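In what follows, a single structure is set out as structure tokens and then discussed.
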Amino acid sequence: EAGVAQSPRYKIIEKRQSVAFWCNPISGHATLYWYQQILGQGPKLLIQFQNNGVVDDSQLPKDRFSAERLKGVDSTLKIQPAKLEDSAVYLCASSRRTGRSSYNEQFFGPGTRLTVL
Amino acid sequence: SQKIEQNSEALNIQEGKTATLTCNYTNYSPAYLQWYRQDPGRGPVFLLLIRENEKEKRKERLKVTFDTTLKQSLFHITASQPADSATYLCALDRGSGNTGKLIFGQGTTLQVKP
Numbered sequence: 003e004a005g006v007a008q009s010p011r012y013k014i015i016e017k018r019q020s021v022a023f024w025c026n027p028i029s030g031h032a033t034l035y036w037y038q039q040i041l042g043q044g045p046k047l048l049i050q051f052q053n054n055g056v057v058d059d060s061q062l063p064k065d066r067f068s069a070e071r072l073k074g075v076d077s078t079l080k081i082q083p084a085k086l087e088d089s090a091v092y093l094c095a096s097s098r099r100t101g102r103s104s105y106n107e108q109f110f111g112p113g114t115r116l117t118v119l
Numbered sequence: 002s003q004k005i006e007q008n009s010e011a012l013n014i015q016e017g018k019t020a021t022l023t024c025n026y027t028n029y030s031p032a033y034l035q036w037y038r039q040d041p042g043r044g045p046v047f048l049l050l051i052r053e054n055e056k057e058k059r060k061e062r063l064k065v066t067f068d069t070t071l072k073q074s075l076f077h078i079t080a081s082q083p084a085d086s087a088t089y090l091c092a093l094d095r096g097s098g099n100t101g102k103l104i105f106g107q108g109t110t111l112q113v114k115p
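As structure tokens, then:
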């Protein structure tokens with residue numbers, strides 16, 4: 003099966019500019035995640051969707067970050083306006099579902115490397 | 002607050018030896034603990050999951066232990082190969098059970114020398 007697709011792979015912007023990232027999860031995966039990974043650190047969960055509804059966005063800086071998953075498939079993550087500290091790799095992941103009955107591993111995309119100058 | 006710590010220094014070992022990586026956590030009682038592998042420029046890849054009621058789990062040359070009393074997991078790679086060189090991340094589900102809300106450690110970089 004095809005993996006998680008992300009675009010673009012790299013993006014360089016000036017601070018205060020806007021940027022958007024796109025993610026296409028594995029077909030049939032109900033749950034989609036966006037992570038931020040700063041150099042030298044582990045991924046940090048920003049937002050989790052189940053189908054097209056938000057399950058958790060407690061760590062999303064909502065004053066500048068937004069995300070949507072229309073129709074429960076593709077998703078976009080936007081930063082507006084960007085700050086220097088937003089420089090990181092933004093990873094998208096998907097899993098079949100979450101729930102108590104069984105565990106479903108997360109499959110990650112290659113990420114988008116954002117540099118804010 | 003919940004915290005996960007892994008060896009911050011890189012681990013360098015000789016091919017054929019066993020690599021042991023450590024993951025410690027505080028202020029938390031996770032139902033699941035997972036290990037991922039991450040290569041440069043790529044997203045993490047799931048390796049193993051161990052549940053709180055399991056002491057040990059094996060998959061080919063990989064072994065994971067989970068000590069809920071010590072709040073620690075050990076990840077072993079036996080008969081290590083240069084191809085095992087990568088960063089290894091441990092992750093806990095911070096929700097109640099299987100919620101997918103993972104907290105990752107900072108990762109330990111393993112270098113296996115031929």
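Listed in order, the protein sequences are those of chains A and B.
In terms of this note's numbering, the first sequence is residues 3 to 119.
In terms of this note's numbering, the second sequence is residues 2 to 115.
Every residue gets a Cβ at the ideal spot worked out from N, C-alpha and C, and that includes glycine.
Values in this document were obtained by computation on a predicted structure and should not be read as measured data.
Using DSSP with H/G/I as helix, E/B as strand and the rest coil, what is residue i?
i: A20(B); result: strand
i: D76(A); result: coil
i: L62(A); result: coil
i: L119(A); result: coil
i: L86(A); result: helix
i: D85(B); result: helix
i: K60(B); result: strand
i: T33(A); result: strand
i: T70(B); result: coil
i: I81(A); result: strand
i: V6(A); result: coil
i: T1(B); result: A question about residue 1(B) goes unanswered here, because the residues of chain B that appear run from 2 up to 115.
Taking 7 Å as the CB-CB limit, is residue i close to chain B?
i: F23(A); result: no
i: L93(A); result: yes
i: P112(A); result: yes
i: G55(A); result: no
i: T33(A); result: yes
i: D58(A); result: yes
i: Q38(A); result: no
i: G44(A); result: yes
i: E107(A); result: yes
Among the options, whose alpha-carbon lies nearest the alpha-carbon of residue i?
i: D76(A); options: P83(A), D65(A), K85(A), G55(A); result: G55(A)
i: H31(A); options: Q39(A), Q50(A), Q43(A); result: Q50(A)
i: G17(B); options: G96(B), D85(B), L49(B), T109(B); result: D85(B)
i: L71(B); options: T23(B), E10(B), P45(B), F105(B); result: T23(B)
i: P115(B); options: G101(B), S81(B), H77(B), K60(B); result: S81(B)
i: L63(B); options: L75(B), G96(B), E55(B), R52(B); result: L75(B)
i: Y26(B); options: A87(B), D68(B), Q15(B), P83(B); result: D68(B)
i: F67(A); options: Q19(A), I14(A), G5(A); result: Q19(A)
i: Q43(A); options: L90(B), R95(B), T100(B), S97(B); result: L90(B)
i: V118(A); options: A7(A), I81(A), G5(A); result: I81(A)
Is the Cβ of residue i closer than 7 Å to any Cβ of chain A?
i: S43(B); result: Here residue 43(B) turns out to be Arg, not Ser, going by the sequence shown. With 7 Å as the cut-off, R43(B) counts as an interface residue toward chain A.
i: F105(B); result: yes
i: K60(B); result: no
i: F76(B); result: no
i: K56(B); result: no
i: G17(B); result: no
Less than 8 Å between C-beta atoms, sequence neighbours within five positions excluded: which residues of the same chain meet that for residue i?
i: Q52(A); result: A32, T33, R99, T100
Under the assumption that residue i contacts residue j (Cβ atoms under 8 Å), give the Cβ distance between them as a whole number of angstroms.
i: Q107(B); j: S2(B); result: So it is not a contact: roughly 15 Å between Cβ atoms.
i: L34(B); j: L93(B); result: 6 Å
i: Q39(A); j: L48(A); result: Going by Cβ atoms, the distance from Q39(A) to L48(A) rounds to 10 Å, so no, they are not a contact pair.
Suppose the cutoff is 6 Å on Cβ atoms and the five residues either side in sequence are ignored; what does the same chain contact list for residue i look like?
i: Y29(B); result: Q3
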